[in-house]
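So for the sequence shown, my numbering puts the first residue at -3; every next one is plus one.
Glycine included, every Cβ here is placed at the ideal spot set by N, Cα and C.
Written out below as structure tokens is the structure these notes cover.
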Amino acid sequence: MSPQSNQEGPEGGVEAELAALSLALQHTLARRAARGQDQMARVDRAPTVPTAPPSQSEPAAHGATHQRPPAAESGGHKPVAASAPAPMTKAAPPPVHAGDGHLKGLAEKAAGAPSLEALRACVADCTACGLASTRTQTVFGEGGGARRILFLGEAPGEEEDRTGRPIEGPAGSLLDDIITKGMGLTRDDVHIANVIKCRPPGSRDPLPEEKTQCAAWLERQIELLDPIVIIPLGRHAAGHLLGVDAPLGRLRGKIHEHHGRKVVPTFHPAYLLRSPQEKRRAWEDIQLAMSVAGLPSKGS
Ligand code: URA
Ligand code: SF4
């Protein structure tokens, strides 16, 4: 299930989104002006939005039917041997990946891709993990990325699996508004991609081994895009990039690093649709990312 199907109800459409964004913008500008940091701030539009307490957790952005992966493999738990021997006649399907050697091969293939389009073609052919057998198509990412900003989601949902484009539907529309109305850019100015390139069945959370397999593609994608700032959307993408398992509320609002690149995590737009009160803080994160990328704040 795609994240957008997990929203509790329509939020009022583009007008409401824009109103929320501009309210957040006004609020931030007013705060800056009050601190005397932004001489261009338009204090005549000072708003009265109160500061909300930071939330400590962000539910998964990826869908209501999320199921945690079974813990058995990471828990060191060995299944008790069955008393009957395994049937010899029905062979198990061949493994689609085979340990470190395979990972190295994938990394070499990824490193050998000279361009994003070459990498996209490699990814389209990838069968390195089990998701290859359930996907409709790979979802590599899109956007020329000339402004060197990478938005990073978690994994394709149902709609993305069908269309081949990342972050579609209502969450995608909200991301569009953030990019266009909030940041003053076009969707093609940035690049939008996911940690995982294939949809997990039923839109469950990706398994650790699926993330490990797919990481080679993502790392090369990052190298080729050469972003000044990466904006992971939601705790899963942020956690993957930063190698931590922490609530988004603890990761956002700060500049982190991934292999020397600046990372500014924020809420997933699907989460913002369910928790619109967090849009103001999301906008603060976006403005932080814009300043890292050397972009002027819209309206300043
Ligand atoms: N959620 C994501 O993080 N990415 C998508 O592409 C769709 C839903
Ligand atoms: Fe390959 Fe990534 Fe798709 Fe797995 S999820 S098959 S590693 S592209």
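Say whether chain D places a C-beta atom closer than 8 Å to the C-beta of V225.
The structure shown contains no chain D, having only a single protein chain.
Check whether the Cβ atoms of L247 and P265 sit closer than 8 Å, and answer yes or no.
No, the Cβ-Cβ distance between L247 and P265 is not below 8 Å.
For ligand 2, any of its heavy atoms closer than 7 Å to the Cβ of T132?
False, no ligand heavy atom lies under 7 Å from that Cβ.
For D222, count neighbouring Cβ atoms within 10 angstroms of its own Cβ and tell me buried if that reaches 16, exposed if not.
The residue in question, D222, is exposed, as its Cβ has fewer than 16 Cβ neighbours within 10 Å.
What are the partner residues of K258, as DSSP defines its beta bridges?
According to DSSP, which records beta bridges pairwise, K258 is partnered with V225 and E253.
Considering only residues of the same chain and omitting the five flanking positions on each side of A142, which have a CB-CB separation below 7 Å?
Excluding sequence neighbours, A142 sits near D185.
Checking 8 Å against the spacing of the C-beta atoms, do P228 and L237 come in under that value?
Yes, these two residues count as a Cβ contact at 8 Å.
With H, G and I counted as helix, E and B as strand and the rest as coil, what does DSSP make of I192?
Coil.
Give me the Cα-Cα distance between T132 and L171, rounded to the nearest whole angstrom.
Straight-line Cα distance between these residues: approximately 24 Å.
From the DSSP output, in three-state form, read off L181 for me.
Correct three-state label for L181: coil.
With the cut-off set at 8 Å, would you say W213 and V135 are in Cβ contact?
No, the pair does not count as a contact, with Cβ atoms beyond the cut-off.
For E138, list the residues DSSP reports as bridge partners.
DSSP output for E138 lists I188 as bridge partner(s).
Please name the residue, chosen from A106, G178 and R158, that lies closest to Q283 on a Cα-to-Cα basis.
Looking at the Cα atoms, G178 is the closest of the given residues.
State the start and end residues of the unbroken beta strand (DSSP E) segment that holds I145.
Residues I145 to G149.
Can you give the Cα-Cα distance for F297 and A242, rounded to whole angstroms?
The structure shown has nothing for residue 297, since the chain only spans -3 to 296.
Let me know the secondary structure DSSP gives E206 once reduced to three states.
Three-state result, E206: helix.
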